[in-house]
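**Student:** In our numbering, the protein residues as written are 2 to 147. Glycine included, C-beta positions come from ideal geometry on N, C-alpha and C. Have a look at the structure that comes next, please.
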Amino acid sequence: MKGRGVADGSETHTGTTEVHTMMLKLEGGSDSLLIASEFWNEILDWAEENGWIPEHARSYYLTPNDHLVSEQDAENLAETLEFIAGDLVLHEFHVSDRFMRELIDCLSNLVVFCYRGSFRIKRTHLRPPGAPSGPERSGGDRSGSR
Numbered sequence: 002m003k004g005r006g007v008a009d010g011s012e013t014h015t016g017t018t019e020v021h022t023m024m025l026k027l028e029g030g031s032d033s034l035l036i037a038s039e040f041w042n043e044i045l046d047w048a049e050e051n052g053w054i055p056e057h058a059r060s061y062y063l064t065p066n067d068h069l070v071s072e073q074d075a076e077n078l079a080e081t082l083e084f085i086a087g088d089l090v091l092h093e094f095h096v097s098d099r100f101m102r103e104l105i106d107c108l109s110n111l112v113v114f115c116y117r118g119s120f121r122i123k124r125t126h127l128r129p130p131g132a133p134s135g136p137e138r139s140g141g142d143r144s145g146s147r
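Rendered as structure tokens:
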């Protein structure tokens, strides 16, 4: 995924430390996720490369101005991310088990969140180095049921 520190946000694959990461808040009806903007950008790239057809221009999803992602758009994104996660499990990549586990966990959180329906994209605080960049759940049911 373009060599970024996707799973933990503290290092790139080359080992350099990132100073700060702009965080986005994906806010649904009863749940929200915090996600690094760089990770979100890569997720959208990956989803489009694997067949997701967004309802809006790319800039809509990358400019966190309280934009609403519709229920249908969120469901389509969830289906694509679910496919990607399954594809990752089927292939052998030369990355650590820990990295792969964290990446699959991040994708799973996004899939569950997107299947819950529409959500808004908002900008939030800057995250200090060493903090996770993958999605973090807050509020709502964490059982994974749709």
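Select from TRP47, ASP106, TYR61, ASP32 the residue whose C-alpha is nearest the C-alpha of THR81.
**Tutor:** Here residue 81 corresponds to residue number 80 of the sequence shown, with the count starting at 1. When only C-alpha atoms are compared, the closest one is TRP47.
**Student:** Suppose the cutoff is 7 Å on Cβ atoms and the five residues either side in sequence are ignored; what does the same chain contact list for ASP142 look like?
**Tutor:** Here the question's residue 142 lines up with position 141 in the sequence shown. Interpretation of ASP142 is limited by its pLDDT of 47, a score under 50 that renders its predicted location unreliable; the figure taken from the coordinates is listed afterwards. Closer than 7 Å at Cβ, skipping near neighbours: no residue.
**Student:** Considering just the uninterrupted stretch of the beta strand (DSSP E) at ASN66, what are its terminal residues?
**Tutor:** What you label residue 66 is simply residue 65 of the sequence shown in a count that begins at 1. ASN66 -> beta strand (DSSP E) spans 66–70.
**Student:** Are the CB atoms of ASP74 and LYS123 nearer to each other than 8 Å?
**Tutor:** On the sequence shown, residue 74 is found 73 positions in, with the first residue counted as 1. On the sequence shown, residue 123 is found 122 positions in, with the first residue counted as 1. Going by C-beta atoms, ASP74 is not nearer than 8 Å to LYS123.
**Student:** Could you name the residues of the same chain whose beta carbon sits closer than 7 Å to that of LEU78, not counting the 5 residues immediately before and after it, in chain order?
**Tutor:** Your numbering for residue 78 matches position 77 in the sequence shown. Only ALA48, TRP53, CYS115 meet the Cβ criterion.
**Student:** First and last residue of the beta strand (DSSP E) that includes THR33?
**Tutor:** In the sequence shown, counting from the first residue as 1, residue 33 sits at position 32. Correcting the residue type first, residue 33 is Ser in the shown sequence and not Thr. Run containing SER33: 33–37, per the beta strand (DSSP E) assignment.
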